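All you need for the numbering used here is the position in the sequence shown, starting with 1, plus 157.
For each residue, glycine too, the CB sits at the ideal point set by N, CA and C.
Because the structure is a prediction, the values reported are computed rather than measured.
Shown next, in structure tokens, is the structure this report addresses.
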Amino acid sequence: MNKKACVIMMSVMILLAACSANQTKISPIETTSSTPAAVATIIPSPVPSATPVPTPVPAVTTPAPEVVKKEYHMNKNYDIVPNDPNGNKKIVLLTFDDGPKEQAMNQALIDILKKHNAKAIFFLNGYRIKQKPELVKLIHDSGNPIGNHAWDHDNMKSMTNEKIDQQVDDVQKIVKELTGKPPEFFRPPFGSGNDYLKAKVKDNKMLYMTWSNGSLDWDMTNKNNDSGKVIENVMKQLRGGSNILMHELPWTIKALDTLLTQLEEKGYSFVDPNAIELEMK
């Protein structure tokens, strides 16, 4: 091989060696995928939120009316008698007729009765009820029973049957409208009635009564009255079971506290009218 050929050969071999060396020095290139690697994400399971429990609201209920045991009855003399023969006979029934008149008088009567833990029947006239219905509610709400004293304060003994019906029924109706309960006691004006009236009252499930102890307060006037005499009249007639008739009058109200005190001092107690049976015996 001539010298020129040797030189060429040598150059080629050097060049090839250099290329091979360069390839071994090249560092590997880290490649990344264009798609990011999936990252495991922990998603917490939804925790059900606590359902709010509503605060219990007490139901609004109407209290049941107090049930009073029927421990007494009225006899033919209109006295109040215990059903038990051995029961307390030193009792009296308090009643007031011819109202309602004035709030001040009604409130005074109610307050005195409450002071002595007593109740009374308020026998009311229909025409007065119509004039002052708010006083009917005042008496009823105080726990004292409303009695039917006819619509007008007329003598019912000689009335026609139709007129009697009107006198009784109209009072029953207006009292029930005002209080939710019709009267259970009836007292005829002047204590005067007839057989038809008594049957009518019984049909209305009321107890017909007059009185057995009259205070005579109705004989007094604004100019001529004496509260001491009211007390004296009652005490003179006093006996066990006295059904005491009084009225919504200023001198009677003035006498009442002292009268009830004297009755208590003599050992008498006051009958709750609600404890009286509605049948005469």
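For residue 290, the uninterrupted alpha helix (DSSP H) segment begins and ends at 290-298. Counting only the Cα atoms, residue 388 lies some 18 Å from residue 267.
For residue 304, the uninterrupted beta strand (DSSP E) run begins and ends at 303-305, by DSSP. Taking the Cβ atoms as the reference, residue 236 lies roughly 5 Å from residue 369, within the contact range of under 8 Å. Residue environment analysis places residue 242 among the exposed positions, since fewer than 16 neighbouring C-beta atoms fall within 10 angstroms of its C-beta. In the structure shown, residue 430 adopts helical secondary structure according to DSSP, grouped into three states. Residue 328 and residue 260 have their C-alpha atoms spaced approximately 20 Å apart. The beta carbon of residue 423 sits closer than 6 Å to no other beta carbon from its chain once the five residues preceding and following it are set aside.
Judged by their CB atoms, residue 273 and residue 405 are not nearer to each other than the 8 Å cut-off. The Cβ neighbour count for residue 285, taken over all protein chains shown within 10 Å, is at least 16; the residue is labelled buried. Put simply, the segment 291-307 touches the segment 335-346. At least three CB pairs are less than 8 Å apart. Bridge pairing for residue 238: 230 [DSSP]. Between the segment 396-404 and the segment 245-254, the count of C-beta pairs closer than 8 Å reaches three or more; the two stretches touch. In the DSSP assignment, residue 403 falls within the beta strand (DSSP E) that extends over 399-404. For the pair residue 376 and residue 287, the Cα-to-Cα distance works out to about 26 Å.
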